[in-house]
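In this note's numbering, the protein residues as written are 2 to 655.
Virtual Cβ for every residue (Gly too), placed ideally from N, Cα, C.
If you're wondering where the values come from, they're calculated on a predicted model, not measured in any experiment.
Have a look at the structure below, then the notes.
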Amino acid sequence: MSTVMMVAGICMLLCCGMGYYALLRIEGELSVAYSAITLIVVLQVFGLTAGISAGAKIYFALSLIGLLLFILKGRDRKGFFSVGVVAFIGLSLAGIVAFHGDFIQTYDDFHQWAAEVKYMYENNFIPVDGDFIGSALVPPETSLFSAFFQILGGYNEGYMYSSGFMLSAIAAVLPLLRLKWKDWYKGLLYVLLVYAGLFSLYVQPYKSLYVDVPCAMWAAGTCMVWYIIGGDKTDTDKIAASGNKLLGLIIRFRNGLLMIPLLVFVARIKWGVGLLMWLFTLAFIVIDSIERKNGSSIGAILKRRWKQGVAIIAIGIVLVAAVWFLLGESFIPANLHGVLEALTFSSKKARLTALCLPYTIFEKSLTSNPNMPFRAAQATIMITIIMAVMVSWCKEEAEKRRLLAQTIAFPIYMLLYIAGLYVSYVSVFSYEESIRNATGYRYLSIVVVFEYVIMSAFLLRRIVSEKSFADQSEGRAKRLSNTSLLGLAVLVLMISNFNEDIIFKGSSLHYWENPTYEKINRTKEQVEEIKTIIGEDDRVYMLSNAYSLENMNEYPLCVALYYMDKQVSNYLNSPWEFNKKGSYTFNCKTDTTIEEFPDMIKTGGYTYIWIHSHDQFLDESFWEMFNSDIEANGLYKVNISDTGDITLELVREL
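Pasting the structure below:
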């Protein structure tokens with residue numbers, strides 16, 4: 002039944018999109034993007050008021066209205082099912098089939114993204130701080146999209162990944178805007194380029210609720226929508242033919258309005274980084290607009306109007322600062338003191354973080370277990386070179402200027418992103434995370450994927466347009482163009498990086514080969530055992546005193562938290578390992594000592610302690626505090642005497 006409802010959800014997205022197609026007379030790909038944004042906005046409004054399920058019903062009604070408008074007012078109804086829309090349908094159905102029967106398998110999904118979707122499904126509302134195991138400050142937009150499909154078909158972990166994949170696919174097909182059906186195979190090359198490239202450029206390329214890929218995809222898709230709409234000759238011809246300045250103003254104004262929902266959504270996908278990607282998207286639009294205006298180059302305009310440029314930048318900084326002051330960490334997850342600390346290198350944390358960055362940028366692979374590691378610097382250079390080659394082959398001067406401007410901007414985006422990442426580490430992350438650039442490779446993947454998708458889209462557009470320059474008299478039109486060969490070469494490069502990991506990374510098959518499977522499955526079995534023992538009012542404190550990132554020690558903690566919710570201690574804000582120097586909370590050292598543990602048990606209302614792993618320090622400490630031995634890893638009953646003394650009783654070995 003859940004599979005049927007997943008398909009029904011896709012149909013609702015399409016029907017609502019049909020309404021936009023009929024009313025606004027926009028392309029099918031853009032209509033579907035608007036439909037997804039509408040769904041998220043409706044669910045967000047109702048998720049804060051009457052409930053998410055009520056919002057789903059309203060969206061269903063909007064879909065019916067959209068279908069009715071399409072039938073009654075739609076022009077060229079077949080035109081809605083363009084190459085991009087059909088590609089979206091195909092990708093969505095592939096995601097449903099590929100991830101059927103899958104399970105949650107990444108730690109951030111367990112303690113944040115999948116947990117947020119699960120909360121929305123079970124509670125019918127958007128999480129609020131203090132009532133949710135993860136952070137309620139992060140934007141809920143992407144989780145609302147997945148929650149919609151959970152509400153339709155019931156709780157299904159595999160289909161959480163299907164819906165996450167679908168949200169990225171909506172953005173991935175935006176560069177196929179206005180692609181004619183006779184060029185469908187060129188669109189297929191673009192889609193293959195994007196999804197083959199993801200395997201080499203992102204650690205969780207297809208199966209994840211992380212917001213990294215959606216953020217990069219939607220930013221890139223928004224850029225290409227502007228590039229196609231703003232530079233399409235159809236609009237220029239309409240203006241020239243009419244000789245009417247008002248018509249030109251209306252067309253340009255309309256195109257600008259069409260970008261607003263996309264730009265707002267990009268900024269809301271990811272906390273903090275979403276703002277950076279929004280700025281890059283806006284920069285792309287501004288640069289392209291300047292290059293298109295009367296054939297003027299950016300350099301020429303800067304010479305004439307540098308004062309206006311400085312004023313615009315100053316106003317932008319003031320606006321960002323004002324919004325930051327009003328919204329605080331819900332807008333930018335940083336504080337001014339931390340930002341100043343980063344900019345002045347005034348602390349050991351800032352200096353060590355900066356020293357670690359070169360390794361993260363130049364040495365750290367963007368993915369795990371690759372045949373051929375792609376690093377952030379290497380990937381950026383490769384993308385820039387491919388763009389430069391396209392510039393050199395371009396025969397249209399206006400198009401050449403536009404391509405060149407974006408090619409120059411790509412390395413600048415990366416440098417600015419690295420600067421933003423550094424400031425973020427120092428001002429937001431813990432000391433331990435900051436100095437080792439924790440998961441820095443994954444954060445860098447966002448801007449790399451952003452640039453790679455745009456590059457792939459440019460390859461598509463050059464392949465489509467190059468045919469007009471082929472000399473048919475010499476038979477060149479019958480041969481692949483240079484850009485086609487370049488695109489195929491990039492595709493072969495990306496496919497050559499495939500290995501057996503793609504099976505479990507891109508589907509629910511061979512799940513046992515996933516390095517995390519054994520830990521996750523064993524912890525789920527232990528949780529089920531514990532649930533047969535404890536009651537609804539019982540709480541369990543979990544300790545795992547054998548800290549080792551190599552042994553994936555975080556997985557038992559996050560898996561237990563996901564499936565037990567508030568019945569287990571939250572390792573994100575409570576110590577889960579004690580040692581002579583203090584303790585660990587999440588992956589940070591804290592000053593809380595083992596001597597404080599008995600009071601934590603009492604004040605937290607914990608009735609059981611789950612010893613997941615122990616060492617000599619924990620053994621000796623428990624004997625001193627509770628006069629009890631840790632006989633084995635397992636579940637211990639907490640007995641509190643009338644005098645407040647605590648003793649432990651082994652209930653079940655685990």
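9 Å Cβ cutoff met for residue i and residue j
i: S190; j: V226; result: It is Leu, not Ser, that sits at residue 190 in the sequence shown. No, these two residues do not count as a Cβ contact at 9 Å.
i: L63; j: G102; result: no
i: L40; j: L14; result: yes
i: V118; j: M161; result: yes
i: S83; j: G29; result: yes
i: A656; j: F71; result: Because the chain here runs from 2 to 655, residue 656 falls outside it and cannot be looked at.
i: A661; j: Q527; result: What is shown of the chain runs 2 to 655, which leaves residue 661 out entirely.
i: Y211; j: T107; result: yes
i: A55; j: M495; result: no
i: Y414; j: A268; result: no
i: Y564; j: W611; result: no
i: G275; j: S425; result: no
i: V270; j: P215; result: Residue identity differs from the one stated: residue 270 is Ile in this sequence, not Val. Closer than 9 Å, so yes.
i: G188; j: A88; result: yes
i: L619; j: L636; result: no
i: S508; j: F150; result: no
i: M6; j: G96; result: no
i: L649; j: S629; result: yes
i: Y423; j: T381; result: no
Neighbourhood of residue i by C-beta, 7 Å cutoff - its chain only, sequence neighbours within 5 removed
i: S545; result: N554, P557, L558, W577, E578, H613, S614
i: I595; result: F579, S622
i: P176; result: Y191, G222, M225, A458, L461
i: I288; result: I299, A406, Q407, A410
i: L277; result: Y418, G421
Reference residue i; option with closest CA among the options
i: G441; options: I382, V204, V139; result: V204
i: F104; options: G67, D77, S163; result: S163
i: L258; options: L573, G131, L25; result: L25
i: K638; options: F254, M626, T608; result: T608
i: T524; options: L44, F111, V86; result: F111
i: L280; options: L263, N588, K294, R293; result: L263
i: P412; options: I436, V427, Y453, M373; result: Y453
i: I647; options: K603, Y207, V449, F89; result: K603
i: V153; options: N125, L180, Q113; result: Sequence check: residue 153 is Leu here, not Val. Here the closest residue by C-alpha is N125.
i: I230; options: G52, R293, V449; result: R293
i: Q568; options: P599, G536, K582, D592; result: G536
i: R402; options: S290, S466, S446; result: S290
Burial state of residue i (16 or more Cβ within 10 Å)
i: I641; result: exposed
i: G476; result: Residue placement at G476 is flagged as unreliable, the pLDDT there being 48, under the threshold of 50; the coordinate-derived value follows with that caveat. Result: exposed.
i: A217; result: buried
i: R352; result: exposed
i: L138; result: exposed
i: T282; result: buried
i: E364; result: exposed
i: W624; result: exposed
i: K349; result: exposed
i: Y122; result: buried
i: F346; result: exposed
i: S36; result: buried
i: T77; result: Note on identity: in this sequence residue 77 is Asp, with Thr being the wrong assignment. It is exposed - the Cβ of D77 has fewer than 16 other Cβ atoms within 10 Å.
i: F47; result: buried
i: C12; result: exposed
i: D472; result: Confidence in D472 is poor, its pLDDT being 41 and thus under 50, which makes the residue's placement too unreliable to answer from.
i: G155; result: exposed
i: S474; result: Per-residue confidence for S474 stands at a pLDDT of 45, beneath the threshold of 50, marking its modelled position as unreliable; no derived number is given.
Spatial neighbours of residue i in its chain, beta-carbon cut-off 8 Å, leaving aside the 5 residues before and after
i: P371; result: S201, N498, N500
i: D566; result: I134
i: A115; result: I105, E158, M161, L210, Y563
i: S366; result: P374, F375, R376, Y442
i: Y589; result: Reading the sequence as shown, one finds Cys at residue 589 and not Tyr. Contacts found: S431, Y432, E433, E434.
i: E342; result: S348, K350, A351, V427, S428
i: G606; result: R540
Beta-carbon proximity list for residue i, same chain, < 6 Å, skipping 5 on both sides
i: R443; result: V204
i: E514; result: F505
i: C16; result: S64, G67, L68
i: A220; result: V267, M278, T282, F451
i: N157; result: S3
Neighbour flag for residue i against chain D, beta carbons, 9 Å
i: I436; result: Absent from the structure: chain D. Only one protein chain is present.
Self-check item: Any beta strand (DSSP E) of 3 or more consecutive residues that is wholly inside the region 58–140
Solution: Given a length threshold of 3 residues, the region 58–140 has no whole run of the beta strand (DSSP E) inside it.
Self-check item: Every unbroken alpha helix (DSSP H) inside the region 515–579 [4 residues or more]
Solution: When DSSP assignments are scanned along the region 515–579, the uninterrupted stretches of alpha helix (DSSP H) that are 4 or more residues long and fall wholly within it turn out to be 518–532, 555–565.
Practice problem: For the region 422–495, list the alpha helix (DSSP H) runs that are entirely contained and at least 4 residues long, ordered along the chain. | Solution: For the region 422–495, whole alpha helix (DSSP H) runs of length 4 or above, ordered along the chain, are 432–436, 441–467.
Exercise. Please specify which runs of the alpha helix (DSSP H), each continuous and at least 4 residues long, are wholly inside the region 146–213, giving them in chain order.
Key: The region 146–213 is shown to contain whole alpha helix (DSSP H) runs of 4 or more residues at 158–173, 185–202, in chain order.
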